[in-house]
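Below you'll find the structure, written out as structure tokens, and then a few comments.
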Ligand SMILES: C[S@@+](CC[C@H](N)C(=O)[O-])C[C@H]1O[C@@H](n2cnc3c(N)ncnc32)[C@H](O)[C@@H]1O
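In this note's numbering, the protein residues as written are 3 to 330.
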């Protein structure tokens with residue numbers, strides 16, 4: 003077969019992509035087929051519709067056909083394009099990390115609002131650059147929360163933890179891509195254990211140091227200056243008992259360690275709130291993303307003796323999605 007005969011027009015490729023995805027019952031199949039074509043061609047939508055007869059090389063047509071096949075078999079589009087937008091920033095995503103979700107942007111909004119209010123109450127400017135702030139992100143995944151906050155607070159320092167070394171590798175690359183790597187120390191540990199467990203050593207390097215030559219993280223200290231102004235977390239919160247109700251592309255393609263918090267789903271919040279109570283400075287802020295039915299199990303963990311200004315923020319579907327509180 004000669005090369006020309008293998009070429010196809012933009013219109014023909016798009017038509018066959020749409021037909022395959024429709025047959026496979028892929029949601030928003032027209033948009034999905036378009037997005038994959040834009041990705042393969044490196045063009046925008048206007049170009050595609052202005053050049054329907056343009057011949058596409060056999061190599062690109064083959065690549066498109068492979069991606070359409072993978073999408074038809076249920077792979078998330080973000081795994082095919084390798085990216086997802088969050089807070090107006092583009093993040094690399096791989097099957098090792100949760101694909102950042104739009105509802106998680108409420109965590110950023112609430113955290114920034116709470117910090118601004120705290121600044122006003124302290125008689126300082128509402129618009130802070132985060133100078134002197136220590137911020138913890140538990141279960142950082144792609145790094146989207148820590149990195150979005152680092153862009154908003156260009157002088158703040160961060161510790162971002164995850165139990166998955168593969169996820170942390172992606173988060174580090176995203177931090178580099180967005181030029182905030184020098185301010186985020188990534189630590190592989192359970193919740194904030196890496197911060198708590200070496201607390202007595204007081205020999206930590208400055209926040210923001212990179213892994214040492216052996217590839218291991220430097221120890222993190224709980225020295226007084228390392229106590230946090232803000233702790234944020236979007237922990238795994240789906241119950242294993244409800245796994246069957248998840249969309250197939252989530253259940254089969256996103257990491258279980260990022261999805262499931264235990265049999266019920268809310269199991270990690272108890273330790274998380276207890277660690278935050280220990281590691282936040284007085285008047286420090288805790289902001290947690292919640293599962294669709296987590297609020298009744300999580301709200302009682304914020305005991306009045308330790309927590310004040312407890313607030314719940316609903317997402318755009320009216321689901322209580324973010325729980326925030328201030329340490330007394
Ligand atoms: C729901 S994902 C959130 C990822 C990211 N923060 C976001 O909002 O898109 C939860 C993350 O927590 C991590 N994780 C799960 N169990 C953990 C634990 N015990 N300690 C620390 N991280 C954990 C997972 O690897 C995953 O990256």
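Using N, Cα and C, we set each Cβ at its ideal position, and we do this for glycine too.
List the DSSP bridge partners of residue 316.
-> Counting from one through the chain shown, the residue named residue 316 turns up at place 314. Within the DSSP secondary-structure output, residue 316 pairs in a beta bridge with 322.
Mind checking whether the beta-carbon of residue 289 lies closer than 8 Å to any heavy atom of ligand 1?
-> As a first step, residue 289 is located in the chain shown; it is residue number 287 there, counting from the start. No; taking the cut-off as 8 Å, the Cβ of residue 289 has no heavy atom of ligand 1 nearer than that.
Answer yes or no: the CB of residue 317 versus the heavy atoms of ligand 1, is any distance below 8 Å?
-> The residue given as residue 317 occupies position 315 in the chain shown. Outside the cutoff, so no.
Decide if residue 246 is buried, meaning its Cβ has at least 16 other Cβ atoms within 10 Å, or exposed.
-> Looking up residue 246 in the chain shown gives position 244. The residue is exposed, with fewer than 16 neighbouring Cβ atoms inside 10 Å.
For residue 216, three-class secondary structure by DSSP | Counting from one through the chain shown, the residue named residue 216 turns up at place 214. Bear in mind that a pLDDT of 38 at residue 216, under 50, signals an unreliable position, so the number given afterwards is only what the model happens to contain. Residue 216 carries a coil assignment under DSSP once its states are collapsed to helix, strand and coil.
Can we count residue 260 as close to ligand 1, meaning its CB is less than 8 Å from some heavy atom?
-> Working through the chain shown from its first residue, we reach residue 260 at position 258. Checking the Cβ of residue 260 against ligand 1 gives yes.
Quick one: using the 10 Å Cβ neighbour count with 16 as the cut-off for buried, is residue 1 buried or exposed?
-> With the chain running from 3 to 330 in the structure shown, residue 1 is simply not present.
Got a sec, what are the start and stop residues for the alpha helix (DSSP H) residue 262 sits in?
-> Here residue 262 corresponds to residue number 260 of the chain shown, with the count starting at 1. Following the DSSP letters along the chain, one finds residue 262 in no alpha helix (DSSP H) but inside the beta strand (DSSP E) bounded by residues 262-264.
Cα-Cα separation between residue 219 and residue 11, rounded to whole angstroms | Indexing the chain shown from 1 puts residue 219 at position 217. Indexing the chain shown from 1 puts residue 11 at position 9. With a pLDDT of 47 at residue 219, under the threshold of 50, the modelled position of that residue is not reliable, and the figure given next carries that caveat. One alpha carbon belongs to residue 219, the other to residue 11, and they sit about 51 Å apart.
Between residue 61 and ligand 1, is the CB less than 8 Å from at least one heavy atom?
-> Counting from one through the chain shown, the residue named residue 61 turns up at place 59. No - ligand 1 has no heavy atom lying nearer than 8 Å to the Cβ of residue 61.
Hey, would you say the C-beta of residue 143 is under 8 Å away from at least one heavy atom of ligand 1?
-> Translated into positions along the chain shown, residue 143 becomes position 141. Yes.
Taking 8 Å as the line, does the beta carbon of residue 280 fall inside it for any heavy atom of ligand 1?
-> In the chain shown, counting from the first residue as 1, residue 280 sits at position 278. Within the chosen limit of 8 Å, ligand 1 does not reach the beta carbon of residue 280 with any heavy atom.
Alpha-carbon to alpha-carbon, residue 64 and residue 314 = Along the chain shown, read from residue 1 onward, the residue named residue 314 stands at position 312. Along the chain shown, read from residue 1 onward, the residue named residue 64 stands at position 62. A straight-line Cα-Cα distance of about 49 Å links residue 314 and residue 64.
What's the call for residue 309, buried or exposed, on a 16-neighbour Cβ count within 10 Å?
-> For the purposes of this step, residue 309 is taken as the residue at position 307 of the chain shown. Buried, because 16 or more other Cβ atoms sit within 10 Å of the Cβ of residue 309.
Secondary structure of residue 69, DSSP reduced to three states = Here residue 69 corresponds to residue number 67 of the chain shown, with the count starting at 1. Note: residue 69 maps to helix in three-state DSSP.
For residue 51 and residue 276, the rounded distance between their alpha carbons | The count along the chain shown starts at 1 and reaches residue 276 at position 274. The count along the chain shown starts at 1 and reaches residue 51 at position 49. Their Cα atoms are separated by approximately 55 Å.
Using the Cα positions of residue 16 and residue 28, report the straight-line distance between them to the nearest angstrom.
-> Here residue 16 is taken as the residue at index 14 of the chain shown, counted from 1. Here residue 28 is taken as the residue at index 26 of the chain shown, counted from 1. Approximately 15 Å, taken between the alpha carbons.
Enumerate in chain order the residues of its own chain whose CB-to-CB distance from residue 139 is below 6 Å, with the five nearest sequence positions on each side excluded.
-> Indexing the chain shown from 1 puts residue 139 at position 137. So the qualifying residues of the chain are 147, 148, 162 and 234.
Proximal residues to residue 5 (C-beta, below 7 Å), its chain only, five neighbours per side dropped | Taking the chain shown and counting its residues from 1, the one referred to as residue 5 is at position 3. Bear in mind that a pLDDT of 38 at residue 5, under 50, signals an unreliable position, so the model cannot answer this.
With DSSP as the reference, please indicate the residues paired to residue 136 in a beta bridge.
-> As a position in the chain shown, residue 136 is number 134, starting the count at 1. Paired residues: 159.
Should residue 288 and residue 278 be called a contact, given that it needs their Cβ atoms to be closer than 9 Å?
-> In the chain shown, counting from the first residue as 1, residue 288 sits at position 286. In the chain shown, counting from the first residue as 1, residue 278 sits at position 276. The Cβ-Cβ distance between residue 288 and residue 278 falls below 9 Å.
Under three-state DSSP, which class holds residue 79?
-> As a first step, residue 79 is located in the chain shown; it is residue number 77 there, counting from the start. Collapsing the DSSP output to three states places residue 79 in a helix.
Identified DSSP bridge partners for residue 309 = Along the chain shown, one-based indexing puts residue 309 at 307. Per DSSP, 329.
Output the boundary residues of the alpha helix (DSSP H) element that contains residue 183.
-> Reading the chain shown from its first residue, position 181 is the one you call residue 183. First-last for residue 183: undefined, no H or E at that position.
By how many angstroms is the C-alpha of residue 94 removed from the C-alpha of residue 178?
-> Within the chain shown, numbered from 1, the residue matching residue 178 stands at position 176. Within the chain shown, numbered from 1, the residue matching residue 94 stands at position 92. Distance between the alpha carbons of residue 178 and residue 94 is about 11 Å.
When you compare each of 265, 73 and 23 to residue 241 by their alpha carbons, which one comes out closest?
-> The residue labelled residue 241 in the question sits at position 239 within the chain shown. Here the closest residue by C-alpha is 265.
Please go through the same chain and pick out, in chain order, the residues whose beta-carbon is closer than 6 Å to the beta-carbon of residue 132, but skip the five residues on each side of it.
-> The sequence position of residue 132 within the chain shown is 130, counting from 1. Same-chain partners within the cutoff: 155, 157 and 158.
Mapping DSSP to helix, strand and coil, what is residue 54?
-> By one-based count along the chain shown, residue 54 stands at place 52. Note: residue 54 maps to coil in three-state DSSP.
Opposite residue 290 in the DSSP bridges: which residues?
-> Translated into positions along the chain shown, residue 290 becomes position 288. For residue 290, the beta-bridge partners assigned by DSSP are 235 and 325.
Mind reading off the beta-carbon distance from residue 300 to residue 268? Whole number of angstroms is fine, and I expect it under 8 Å.
-> Numbered from 1 along the chain shown, position 298 holds the residue referred to as residue 300. Numbered from 1 along the chain shown, position 266 holds the residue referred to as residue 268. Contact holds; Cβ gap of about 6 Å.
How is the beta strand (DSSP E) around residue 91 delimited, first residue to last?
-> Here residue 91 is taken as the residue at index 89 of the chain shown, counted from 1. Note, residue 91: beta strand (DSSP E), 91-94.
Cα-Cα, which of 326, 38 and 109 is closest to residue 85?
-> If you number the chain shown from 1, residue 85 lands on position 83. Nearest of 326, 38 and 109 to residue 85, Cα basis: 38.
Excluding sequence positions up to five away, which residues of its chain have a Cβ less than 6 Å from the Cβ of residue 321?
-> Here residue 321 refers to the residue found at position 319 of the chain shown. Excluding sequence neighbours, residue 321 sits near 294.
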